[in-house]
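Here the structure comes first, spelled out in structure tokens, and everything after it is commentary.
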Amino acid sequence: MASVRRMTIDDVEAVMQVEKASFAVPWSQETFEKEMTDNPYSFYYVVEEDEKIIGYCGLWLIIDEAHITNIAILPEYRGYKYGELLFGHTCREAVERGAVQLSLEVRVSNMAAQRLYRKFGLVPGGVRKRYYTDNGEDALVMWVGLK
Numbered sequence: 001m002a003s004v005r006r007m008t009i010d011d012v013e014a015v016m017q018v019e020k021a022s023f024a025v026p027w028s029q030e031t032f033e034k035e036m037t038d039n040p041y042s043f044y045y046v047v048e049e050d051e052k053i054i055g056y057c058g059l060w061l062i063i064d065e066a067h068i069t070n071i072a073i074l075p076e077y078r079g080y081k082y083g084e085l086l087f088g089h090t091c092r093e094a095v096e097r098g099a100v101q102l103s104l105e106v107r108v109s110n111m112a113a114q115r116l117y118r119k120f121g122l123v124p125g126g127v128r129k130r131y132y133t134d135n136g137e138d139a140l141v142m143w144v145g146l147k
């Protein structure tokens, strides 16, 4: 059975495998390590299946505004609701930590992710033109008020 927990510095190597399998321009290991050790506003979570990290989600929380930095599930585990489990957990953590609003960017072509975010009440709030550096794709900004 899958479970979600707070990410630790010891998880970075496994998270890097998810990152590299998920993004054309992955974050570096150093970036994740700095997020874990130097950024007091960051909270990262991992989802595990059979003690294997299969996904992660990053959250920045500044005062009462939460922002999802990234979320990814290993390709072979997509379509089995792990992303929904992980995203839901991260949203609840944001609320418990005092967030009243949550936002994120998503590729305009990533309809599967947009459907997931809509399940949690996120709505489009704008477009960031040529946001993604790998191909210049626009990002749809989505947000939701949290209660």
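Residues in the sequence shown are numbered consecutively from 1, following the UniProt record's numbering.
Ideal placement from N, C-alpha and C gives every residue a C-beta, glycine not left out.
Practice problem: Would you identify the three-state DSSP class for Pro-26, choosing helix, strand or coil? | Solution: Assigned with DSSP and collapsed to three states, Pro-26 falls in coil, not helix or strand.
Please classify Phe-120: does DSSP put it in a helix, a strand, or coil? coil
Taking the alpha-carbon positions, what's the Thr-9 to Val-127 distance? It is Ile, not Thr, that sits at residue 9 in the sequence shown. Spanning the two alpha carbons is a distance of roughly 33 Å.
Inset, instruction - May I have a chain-ordered list of the alpha helix (DSSP H) segments no shorter than 4 residues that lie completely inside the stretch 75-147? - result: If only uninterrupted alpha helix (DSSP H) runs of at least 4 residues are considered, those enclosed by the stretch 75-147 are 82-96, 111-119.
| Does the Cβ-Cβ distance between Trp-60 and Tyr-80 come in under 8 Å? | no
Worksheet item: Asp-138 and Lys-129: beta carbons closer than 8 Å?
Response: Result yes, Cβ atoms of Asp-138 and Lys-129 sit closer than 8 Å.
- Name the two residues that bound the continuous beta strand (DSSP E) containing Thr-69. 65-73
Is it right to say Gly-136 is buried, meaning 16 or more other beta carbons lie within 10 angstroms of its own, or is it exposed?
exposed
- Message: Taking the beta strand (DSSP E) that Glu-51 belongs to, which residues open and close that run?
- Response: Unbroken run through Glu-51: none, as it is neither H nor E.
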